[in-house]
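Start counting the sequence shown at 150; every next residue gets the next number (this note's numbering).
Scroll down for the structure; my scribbles are underneath it.
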Amino acid sequence: MKARVTVTLKTGILDPQGKAIEGALRSLGVEGITSVRQGKVFDIELESGDPARAEALLRQAADRLLANTVIENYRVDVMK
Numbered sequence: 150m151k152a153r154v155t156v157t158l159k160t161g162i163l164d165p166q167g168k169a170i171e172g173a174l175r176s177l178g179v180e181g182i183t184s185v186r187q188g189k190v191f192d193i194e195l196e197s198g199d200p201a202r203a204e205a206l207l208r209q210a211a212d213r214l215l216a217n218t219v220i221e222n223y224r225v226d227v228m229k
């Protein structure tokens, strides 16, 4: 079974890397960009065939390691 955990900064948390990317895009002539927020994506393969169990396991992994839940949100998507 495959899953994806997407981690992003919470609203209101400053994102200096996103701002740097935004500036770089402008300097490259990319027009129409109003804001950039960066994040992390983890593509994970699991042995489990049970989507509910896989999601619970990945939420635990995100809470303990993959995300800093003080400043980051995460989303778990299990591909069936």
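Where is the CB? At the ideal position from N, CA and C, for every residue including glycine.
None of these values were measured; they are calculated from a predicted model.
Using 8 Å for Cβ pairs, my map puts residue 182 next to residue 171. What's the rounded Cβ distance?
For this step, residue 182 is matched to residue 33 along the sequence shown. For this step, residue 171 is matched to residue 22 along the sequence shown. Rounded, the Cβ-Cβ distance is 6 Å, consistent with contact.
Between the CA atoms of residue 154 and residue 210 - distance to the nearest angstrom:
Position 61 of the sequence shown holds residue 210. Position 5 of the sequence shown holds residue 154. If I take the Cα positions, the gap works out to 10 Å.
What is the DSSP secondary structure of residue 171, counted as helix, strand or coil?
Residue numbering aside, residue 171 sits at position 22 when the sequence shown is read from its first letter. The answer is helix: DSSP assigns residue 171 an H, G or I state.
Could you tell me the alpha carbon to alpha carbon distance between residue 194 and residue 151, rounded to whole angstroms?
Taking the sequence shown and counting its residues from 1, one reaches residue 194 at position 45. Taking the sequence shown and counting its residues from 1, one reaches residue 151 at position 2. Going by the C-alpha atoms only, they are around 4 Å apart.
What three-state label does DSSP hand residue 158 in the structure shown?
As a first step, residue 158 must be located in the sequence shown, where it is residue number 9. Note: residue 158 maps to strand in three-state DSSP.
Measure the alpha-carbon distance for residue 176 versus residue 184 and round it to whole angstroms.
Within the sequence shown, residue 176 is the residue found at index 27, counting from 1. Within the sequence shown, residue 184 is the residue found at index 35, counting from 1. Roughly 14 Å separates the two Cα atoms.
Just confirm the distance between the C-beta atoms of residue 156 and residue 188, as a whole number of angstroms; I'd bet it's less than 8 Å.
For the purposes of this step, residue 156 is taken as residue 7 along the sequence shown, with counting starting at 1. For the purposes of this step, residue 188 is taken as residue 39 along the sequence shown, with counting starting at 1. Yes, residue 156 and residue 188 are in contact; Cβ-Cβ is about 5 Å, under 8 Å.
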